[in-house]
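Undergrad: Sequential numbering from 17 applies to the sequence shown in this note's numbering.
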Amino acid sequence: MSTTCSVASFKQTSNHSNLTNNTNGFCTNLNQTVAASLSDRPRLTQAPKSMAMLGKAVPFIFSRTVPLEESIKEKFRNLHNATILSDTSVSQGDRSCDRDFLEYCTRGDLSVPIVPMGLTNFNNQCYQNSTLQSLLVTGPLLYFIMEKHKPSECPLANKCEFCSLCGIYRLVKMHCKDNAINSFRTITPSYFRCHLGKFGSFSHDQQEDAQEYLNGVLTSFVKCLDTTTGGNTNALNIIQKMFYGSLLYLYTCTSCRNVTLREEMFCNLPLTIGNYYSLQHILGAQRGVNMIEDYSCPACKRRVTAEHRELVLKAPPILTLHLLRFVGDSKNNSYIRFPLTFDFRPYMASRNGKSLNYQLYAMIIHEGAETAFGHYVACTNRRGVWYEISDAIVTHIDVQQVLAKKPYILFYKLVNPEDTLCFPENTENIKKQVLAAAAKSNSSSPQISNNSFSQKFIFPWRSPSHAPSVINSSNSAAQFPSVTPQPAASKLNPNVSAFFC
17 MSTTCSVASF KQTSNHSNLT NNTNGFCTNL NQTVAASLSD RPRLTQAPKS
67 MAMLGKAVPF IFSRTVPLEE SIKEKFRNLH NATILSDTSV SQGDRSCDRD
117 FLEYCTRGDL SVPIVPMGLT NFNNQCYQNS TLQSLLVTGP LLYFIMEKHK
167 PSECPLANKC EFCSLCGIYR LVKMHCKDNA INSFRTITPS YFRCHLGKFG
217 SFSHDQQEDA QEYLNGVLTS FVKCLDTTTG GNTNALNIIQ KMFYGSLLYL
267 YTCTSCRNVT LREEMFCNLP LTIGNYYSLQ HILGAQRGVN MIEDYSCPAC
317 KRRVTAEHRE LVLKAPPILT LHLLRFVGDS KNNSYIRFPL TFDFRPYMAS
367 RNGKSLNYQL YAMIIHEGAE TAFGHYVACT NRRGVWYEIS DAIVTHIDVQ
417 QVLAKKPYIL FYKLVNPEDT LCFPENTENI KKQVLAAAAK SNSSSPQISN
467 NSFSQKFIFP WRSPSHAPSV INSSNSAAQF PSVTPQPAAS KLNPNVSAFF
517 C
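Here you go:
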């Protein structure tokens, strides 16, 4: 070891002639010594040739060989119908934004207060309190608001205008200031109560729907963030990336077999319960086929019966599932089994990707047998501990008590957000595969029309009879009539699994 270091030190000072001569002599003696020590070995009759390079400068030659990654990609490009899913054109600005968003999702739990606080109820506003309690344990949302959105820097707050993001900021500050580790206290969400009309047509003195209020709050988050940041209205902001996914609606004309594809955003996924008693079965039934009447086919120009399918194209990091318990004036109060963690990948349009494991962290329950009466409570998880919060009353509950509830809205968070946010799926390629699979499944050679409309504020409907319609200047809701689902027992199609990617 010392010999090598000496040679290296002489090499670094080779500009001095006397040191260079000493180095050459030393290397010669070293070669002779090594050759003598190896002379008794039958396989080595002389010193290795590499020893002759010791102490000499070796020029570095750049290789002109094509990198292995590019070589492999080039071979796949020459294959018929081959697509490289990782080849996506993402700008540097988008990558920076994704890194920030990944930080919100991975470190969000650190912003959730350890101990919950009760919220005062004024005039039947339990729907508001249960919704706010669920948002107060949504880690990515709190991390973004507390780190990136300060009321002192908010243009809306500085102009004394309403900002729902600042309202959440105030609740968290009150939460951390007035609460103690060993006690449960109560605060009043007066800021949200005074601006109730900002979230929709809600009354101060009557019971309202918690799901409609949640949609109104999320809409307000999006609008306030766009206003305060001057964001591009054509791009998704942080709130939309957290809560919004996208759905694919496929309409197949039973006359000409034309397939029409429509994409819409959703902030919570509506699920028809039907005759099923587990969340996984309900999600599986959503992939089934419904028949709709009076469908206006854009290909044959006829009003016919059409097959309707609904697929999840992209799932958000915060997945909100809305069980449609209210149908008209009646309520489905049946018990639905739901998991604490589950893989959402089997229920998406593309089932050939990485697992999408979600974990339950909050839910809203409606207690009561009728739609016009009842009470909303929230169950939230903080650092592995479950609490039931009924307005100002906070109760610790165990996991078995949680699983015995009859939820109305379920809040799930992505367990490993880095797996999907760092390697996003090629949704355009998935849509092409869905259309190709639809064409292949038809008996004839259909025409495929891809009617994809970008709608920024698309919210789920309360019941299956209020399906969203296309917003288009030339052909409005007539092309996509309301959906009439088939009985639950007939929703599953044995050939459905072969239809999707």
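Ideal placement from N, C-alpha and C gives every residue a C-beta, glycine not left out.
Less than 6 Å between C-beta atoms, sequence neighbours within five positions excluded: which residues of the same chain meet that for N397?
TA: Cβ within range, chain order: Y377.
Undergrad: With L157 and L151 assumed to form a contact (beta carbons below 8 Å), what rounded beta-carbon distance in angstroms separates them?
TA: The pair is a contact, with the Cβ atoms about 6 Å apart (cut-off 8 Å).
Undergrad: Step through the CB atoms of chain D and report whether any lies within less than 8 Å of the CB of K214.
TA: Of the protein chains in the structure, only one exists, and it is not chain D.
Undergrad: Quick check for students: name the residue ranges of the beta strand (DSSP E) that lie wholly in the region 306-336, counting only runs of 3 or more.
TA: Qualifying beta strand (DSSP E) stretches, in chain order: 319-330.
Undergrad: Just confirm the distance between the C-beta atoms of M281 and Y260, as a whole number of angstroms; I'd bet it's less than 8 Å.
TA: Going by Cβ atoms, the distance from M281 to Y260 rounds to 5 Å, so yes, they are a contact pair.
Undergrad: Comparing the CB of Y267 with every heavy atom of the ligand NAD, is any distance shorter than 7 Å?
TA: With respect to the ligand NAD, the structure shown offers nothing to examine, as it has no ligands at all.
Undergrad: So, helix, strand or coil for C240, using DSSP?
TA: Note: C240 maps to helix in three-state DSSP.
Undergrad: With the cut-off set at 8 Å, would you say Y6 and L335 are in Cβ contact?
TA: Coverage of the chain is limited to positions 17 through 517, which leaves residue 6 absent and any answer about it impossible.
Undergrad: When the Cα of K422 is compared with those of L295, G124, S180, which residue comes out closest?
TA: Selected option, being the one with the closest Cα: L295.
Undergrad: Using 10 angstroms around the beta-carbon of Y351, count the other beta-carbons present and answer buried if the total reaches 16, otherwise exposed.
TA: It counts as exposed.
Undergrad: If you follow the alpha helix (DSSP H) that N174 is part of, which residue opens it and which one closes it?
TA: N174 -> alpha helix (DSSP H) spans 171-174.
Undergrad: Taking Cβ positions, are A394 and I409 nearer each other than 8 Å?
TA: Cβ distance not < 8 Å, so A394 and I409 don't count as in contact.
Undergrad: For S168, count the other beta carbons within 10 Å of its own beta carbon; 16 or more makes it buried, fewer makes it exposed. Which is it?
TA: S168 comes out exposed.
Undergrad: Within a Cβ cutoff of 7 Å, which residues of the same chain sit near Q222, ignoring the five residues on either side of it in sequence?
TA: The residues are N140.
Undergrad: Measure the CB-CB distance between L337 and L263 and report whether it falls below 8 Å.
TA: Cβ distance not < 8 Å, so L337 and L263 don't count as in contact.
Undergrad: Secondary structure at M190, three-state DSSP: helix, strand or coil?
TA: Helix, per DSSP.
Undergrad: Examine the Cβ distances between the region 306-320 and the region 222-242 and report whether three or more of them are shorter than 8 Å.
TA: At 8 Å Cβ cutoff, the stretches do not touch.
Undergrad: In terms of alpha-carbon separation, which member of Q144, Y120, G369 lies closest to I405?
TA: It is Q144.
Undergrad: Beta-carbon separation of T270 and E228 under 8 Å?
TA: No, Cβ-Cβ distance for T270 and E228 is not below 8 Å.
Undergrad: According to DSSP, simplified to helix, strand and coil, what is E228?
TA: Here E228 sits in helix by DSSP.
Undergrad: Would you mind working out which of M258, D345, F354, V128 sits nearest C121, comparing C-alpha positions?
TA: Ranking the options by Cα distance to C121, first place goes to M258.
Undergrad: Specify the secondary structure class of D114 as computed by DSSP and reduced to three states.
TA: Looking at D114 - three-state DSSP - the assignment turns out to be helix.
Undergrad: Just the C-alpha distance for P362 and K448, rounded to the nearest angstrom, thanks.
TA: Answer to the nearest angstrom: the Cα atoms are 19 Å apart.
Undergrad: To which residues of the same chain is F76 closer than 7 Å at the C-beta, ignoring the five residues directly before and after it?
TA: Low confidence applies to F76: its pLDDT is 43, below 50, so where it sits in the model is not reliable, and the reading given next is rough at best. Nothing listed; no residue qualifies.
Undergrad: Would you kindly work out how many angstroms separate the C-alpha atoms of Q302 and S206, rounded to a whole number?
TA: Roughly 39 Å between the two C-alpha positions.
Undergrad: Beta carbon of S236, beta carbon of S146: below 8 Å?
TA: No, the Cβ-Cβ distance between S236 and S146 is not below 8 Å.
Undergrad: Got a sec, what are the start and stop residues for the beta strand (DSSP E) L263 sits in?
TA: First-last of the beta strand (DSSP E) with L263: 261-269.
Undergrad: In whole angstroms, what is the alpha-carbon distance linking G304 and V418?
TA: When rounded, the distance between both Cα atoms is 30 Å.
Undergrad: Take the Cβ of F354 as the centre, count every other Cβ of all protein chains shown within 10 Å, and call the residue buried at 16 or more, exposed below.
TA: Label assigned to F354: buried.
Undergrad: Using beta-carbon positions only, say whether N137 and D407 come within less than 8 Å of one another.
TA: Contact: yes.
Undergrad: Indicate whether F160 and G183 have their beta-carbon atoms separated by less than 8 Å.
TA: No, the pair does not count as a contact, with Cβ atoms beyond the cut-off.
Undergrad: What residues in its chain sit with their C-beta under 7 Å from that of C192, if we drop five residues either side in the sequence?
TA: Contacts found: P129.
Undergrad: In whole angstroms, what is the alpha-carbon distance linking K330 and K370?
TA: Their Cα atoms are separated by approximately 13 Å.
Undergrad: Whole angstroms is fine: what's the gap from V233's alpha carbon to I255's?
TA: Straight-line Cα distance between these residues: approximately 11 Å.
Undergrad: Classify H412 as buried or exposed, calling it buried when 16 or more other Cβ atoms lie within 10 Å of its own Cβ.
TA: Looking at its Cβ environment, which holds fewer than 16 other Cβ atoms inside 10 Å, H412 is exposed.
Undergrad: Quick one: what's F389 bridged to in DSSP?
TA: For F389, which the question treats as bridged, DSSP gives no partner whatsoever.
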